[in-house]
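Trainee:
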Amino acid sequence: MGNLNFWKFFDAHAAAPLDHRQATFRCAFEFLDRLERPVFIVETGCVRKADHWSDGQSTILFDKFVAGLPGSAVHSVDLNPQATALCKTLVSPAVDVHTGDSVAFLHGLAKNPPAGFLHIDLLYLDSYDVDLAAPHPSALHHLKELIAISPLIGPDTLVMVDDAPQEALFLPRGSSGAVFISDPKVSGKGKYVAEYAESIGAKRVFSEYQAAWIGF
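Counted the way our numbering counts, the sequence shown spans residues 44 to 259.
Spelled out as structure tokens, the structure:
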């Protein structure tokens, strides 16, 4: 792995507290590291609390990663001005933090991307708080985000959604466990992105608490 300073930080400070996001974030950064060039990352929903790793601290991780890759571009957008104000104090100038509606922002970014990049390398969707018992509003919002930024999504763009665990129907069998009567499917924030990905044959790269695809 080429970005040694990042991996030292990740393993020493981020991996353990990331908990159920650790493996999937590691996979995403290994994907970026293999590119061996400056990268273009777009995030919806910025970091909202310092050192609150149970929320993922994605903006911090993206900032740490591009520190070793001059020429990279990172854009993060959040509707909450208090969140963006805090985020700006936690990251370097390498991250452009924007305040506003994510769908409108992504639509504008697609029309005016940073120079030197034809496509996004990592699109990270995490802008809408989810109710896992009723995921429709957040899932629909993230599908809108995907559509808004679609001109900048290439065949090798990794599209990653946070808070997207799988769900399935099952019948309880007492102390012996359960019998599943449906296949597990991505739910939460990623529900509709997953359905769209399946309909067009995009490849699912991973699906745990976070889910990601390539080939849109």
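Where is the CB? At the ideal position from N, CA and C, for every residue including glycine.
Do the CB positions of leucine 133 and valine 90 come within less than 8 Å of each other?
Mentor: Their beta carbons are under 8 Å apart, which means leucine 133 touches valine 90 by this criterion.
Trainee: So, using beta-carbon positions, are aspartate 169 and glycine 88 closer together than 8 Å?
Mentor: Contact: yes.
Trainee: Evaluate contact between the segment 185–204 and the segment 216–223, counting only Cβ atoms and requiring at least three cross-stretch pairs below 8 Å.
Mentor: The segment 185–204 vs the segment 216–223: no contact.
Trainee: What separation, rounded to the nearest whole angstrom, lies between the Cα atoms of alanine 153 and phenylalanine 68?
Mentor: Taking the straight line from one Cα to the other gives about 25 Å.
Trainee: Once the 5 residues before and after cysteine 70 are set aside, which same chain residues still bring their CB inside 6 Å of it?
Mentor: Result list for cysteine 70: Phe249, in chain order.
Trainee: Grab me the residues of isoleucine 257's own chain with a C-beta within less than 6 Å of its C-beta, minus the 5 sequence neighbours each way, in chain order.
Mentor: Same-chain partners within the cutoff: Leu201, Lys246 and Val248.
Trainee: If we count Cβ pairs, one from each stretch, closer than 8 Å, do we get three or more for the segment 105–118 versus the segment 136–152?
Mentor: Cβ pair count under 8 Å is three or more, so yes.
Trainee: Between which two residues does the beta strand (DSSP E) holding isoleucine 196 run?
Mentor: Where isoleucine 196 is concerned, the enclosing beta strand (DSSP E) stretches over 196–204.
Trainee: State the beta-bridge partners of histidine 141 as determined by DSSP.
Mentor: In the DSSP output, where bridge partners are listed per residue, histidine 141 has Val120.
Trainee: Out of Lys131, Lys228, Asn123 and Ser115, which has the shortest C-alpha to C-alpha gap to threonine 102?
Mentor: That would be Lys131, whose Cα lies nearest to the Cα of threonine 102.
Trainee: What separation, rounded to the nearest whole angstrom, lies between the Cα atoms of aspartate 172 and arginine 80?
Mentor: For aspartate 172 and arginine 80, the distance between alpha carbons rounds to 33 Å.
Trainee: For the alpha helix (DSSP H) that serine 250 lies in, which residues bound it at each end?
Mentor: Careful: serine 250 lies outside any alpha helix (DSSP H), inside the beta strand (DSSP E) at 246–250.
Trainee: Between Pro227, Val204, Gly220 and Phe223, which has its C-alpha nearest glutamate 210's C-alpha?
Mentor: When each option's Cα is compared against that of glutamate 210, the closest is Pro227.
Trainee: Is the shortest distance between the beta-carbon of serine 145 and the beta-carbons of chain C less than 8 Å?
Mentor: This model lacks chain C altogether, as it is built from one protein chain only.
Trainee: In the structure shown, what three-state DSSP assignment does glutamine 209 receive?
Mentor: Note: glutamine 209 maps to strand in three-state DSSP.
Trainee: Within the same chain, show all residues whose beta-carbon is closer than 6 Å to that of histidine 118, passing over the 5 residues directly before and after it, in chain order.
Mentor: Cβ within range, chain order: Val85 and Asp139.
Trainee: Between which two residues does the beta strand (DSSP E) holding tryptophan 96 run?
Mentor: That residue, tryptophan 96, is in no beta strand (DSSP E); it is neither H nor E in DSSP.
Trainee: Starting from isoleucine 84, trace the beta strand (DSSP E) in both directions and tell me its first and last residue.
Mentor: Note, isoleucine 84: beta strand (DSSP E), 83–87.
Trainee: Taking DSSP as the reference, what is the three-state secondary structure of tyrosine 167?
Mentor: The answer is strand: DSSP assigns tyrosine 167 an E or B state.
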